[in-house]
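With the sequence shown counted from 1, adding 100 to any position gets you our numbering.
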Amino acid sequence: MFCPTCQTQNEAATVRCISCGSTLIFEAVGHSAEFKKAARRLDYRMFTGYGGIVGFGLAFALCTLVPELSPQSRTLIGGASALGAGVGRFIAWRRWRGL
């Protein structure tokens with residue numbers, strides 16, 4: 101690796117230049133803002149989907165176990181799916197806020 105300051109050739113894993121002492125290897129400072137935004141968006145979608153699926157599954161199981169609920173089953177399944185999606189989104193929000 102060549103030093104950008106004095107053009108001295110150094111070994112590949114050298115942290116500082118052997119000639120002038122300038123830093124050759126910098127530590128990572130973290131992810132970019134665009135990466136964090138895309139990861140947050142993906143987490144919101146993923147947790148919303150998981151919550152909706154869990155809500156749907158629970159409502160479907162309840163409707164099959166309790167036969168008296170069959171006339172209201174569509175409303176119950178839709179409401180439970182929406183509630184599960186909301187809970188999933190809330191979990192994602194809490195995760196990104198660090199609460």
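In this text, a Cβ means the ideal position worked out from N, Cα and C, and glycines have one as well.
Quiz item: Alpha carbon to alpha carbon, what distance is there between leucine 158 and glycine 149?
Solution: In the sequence shown, counting from the first residue as 1, residue 149 sits at position 49. In the sequence shown, counting from the first residue as 1, residue 158 sits at position 58. So the two alpha carbons sit approximately 14 Å from each other.
Quiz item: Taking C-alpha atoms, which residue in Arg197, Cys103 and Arg189 lies nearest to arginine 154?
Solution: For the purposes of this step, residue 154 is identified with residue 54 of the sequence shown, where counting begins at 1. Position check: residue 154 holds valine in this sequence, whereas arginine was assumed. Residue Arg189 holds the alpha-carbon nearest to the alpha-carbon of valine 154 among Arg197, Cys103 and Arg189.
Practice problem: Return the chain-ordered list of same chain residues with a C-beta closer than 6 Å to the C-beta of cysteine 120, the five sequence neighbours on each side being excluded. | Solution: Counted from its first residue, the sequence shown places residue 120 at position 20. Within the same chain, Cβ atoms closer than 6 Å to the Cβ of cysteine 120 are found at Thr105 and Cys106, the five residues on either side in sequence being excluded.
Self-check item: Beta-carbon proximity list for cysteine 103, same chain, < 7 Å, skipping 5 on both sides
Solution: Walking along the sequence shown from the start, residue 103 turns up at place 3. When the five nearest sequence neighbours on each side are left out, the beta carbons in the same chain lying within less than 7 Å of the beta carbon of cysteine 103 are those of Asn110, Cys117, Ser119, Cys120, Ser122 and Leu124, in order along the chain.
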